[in-house]
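Undergrad:
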Amino acid sequence: MAIPANARQELLLAELRSAGCELSGQDLHARLRGGPAAMGLATVYRHLRQLQQRALVRCRHLPSGEALFAPTERDEHHLTCVDCGQTMALPHCPVHDLHLPDHALNGFQPLYHTLEFFGLCGHCRHRHGDDDT
Ligand SMILES: [Zn+2]
Ligand SMILES: [Zn+2]
Numbered sequence: 010m011a012i013p014a015n016a017r018q019e020l021l022l023a024e025l026r027s028a029g030c031e032l033s034g035q036d037l038h039a040r041l042r043g044g045p046a047a048m049g050l051a052t053v054y055r056h057l058r059q060l061q062q063r064a065l066v067r068c069r070h071l072p073s074g075e076a077l078f079a080p081t082e083r084d085e086h087h088l089t090c091v092d093c094g095q096t097m098a099l100p101h102c103p104v105h106d107l108h109l110p111d112h113a114l115n116g117f118q119p120l121y122h123t124l125e126f127f128g129l130c131g132h133c134r135h136r137h138g139d140d141d142t
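Going by the working numbering, the first residue of the sequence shown is number 10, and it counts up by one from there.
1) Would you say residue 135 touches ligand 1, meaning its beta carbon is less than 6 angstroms from a heavy atom?
2) Can you check the segment 45-117 for any alpha helix (DSSP H) of at least 4 residues that lies completely inside it and give the ranges in chain order?
3) Return the first residue and the last residue of the beta strand (DSSP E) that residue 125 is part of.
4) Measure the alpha-carbon distance for residue 133 versus residue 105 and round it to whole angstroms.
5) So residue 88 and residue 99 are supposed to be a Cβ contact under 8 angstroms. How far apart are they, rounded?
6) Expressed to the nearest angstrom, what Euclidean distance is found between the alpha-carbon atoms of residue 61 and residue 55?
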């Protein structure tokens, strides 16, 4: 049973939208496995790349190298600890109302953005003894 490429991408997008959190390619592969939309891992990644090119899906990389995917309409950003790798969602998008001046855009139409913060979480700061200064 051959599912057209676009339909596969819609299925992946629907899966990302229904998940409350970001998913890796592996997660998506596992969620679809055994169902009518099952596809190989390489196919999952190929369609995820195409969804990114269509500005429907955004991707971020954890310090471990793992790539996590989310629908672009979910305007969510994260704080990631460079030490323990723990990652935490920000309650609001800090640049949601950011206005890019026309002269800077030069005809470019922004569709979505990514934004990430890297640093040390509270736990790791304590462990490093940053507090006893
Ligand atoms: Zn940490
Ligand atoms: Zn944002």
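Idealized CB from N, CA, C, for every residue including glycine.
TA: The answer reads as follows:
1) Sequence index remark: in the sequence shown, residue 135 carries index 126 (1-based). The answer is no for residue 135.
2) 50-62 and 111-114
3) Looking up residue 125 in the sequence shown gives position 116. First-last of the beta strand (DSSP E) with residue 125: 125-128.
4) Sequence index remark: in the sequence shown, residue 133 carries index 124 (1-based). Sequence index remark: in the sequence shown, residue 105 carries index 96 (1-based). Their backbone Cα atoms lie some 29 angstroms apart in a straight line.
5) As a first step, residue 88 is located in the sequence shown; it is residue number 79 there, counting from the start. As a first step, residue 99 is located in the sequence shown; it is residue number 90 there, counting from the start. Contact annotation, residue 88 with residue 99: C-beta distance approximately 7 angstroms; criterion of less than 8 angstroms satisfied.
6) By one-based count along the sequence shown, residue 61 stands at place 52. By one-based count along the sequence shown, residue 55 stands at place 46. Straight-line Cα distance between these residues: approximately 10 angstroms.
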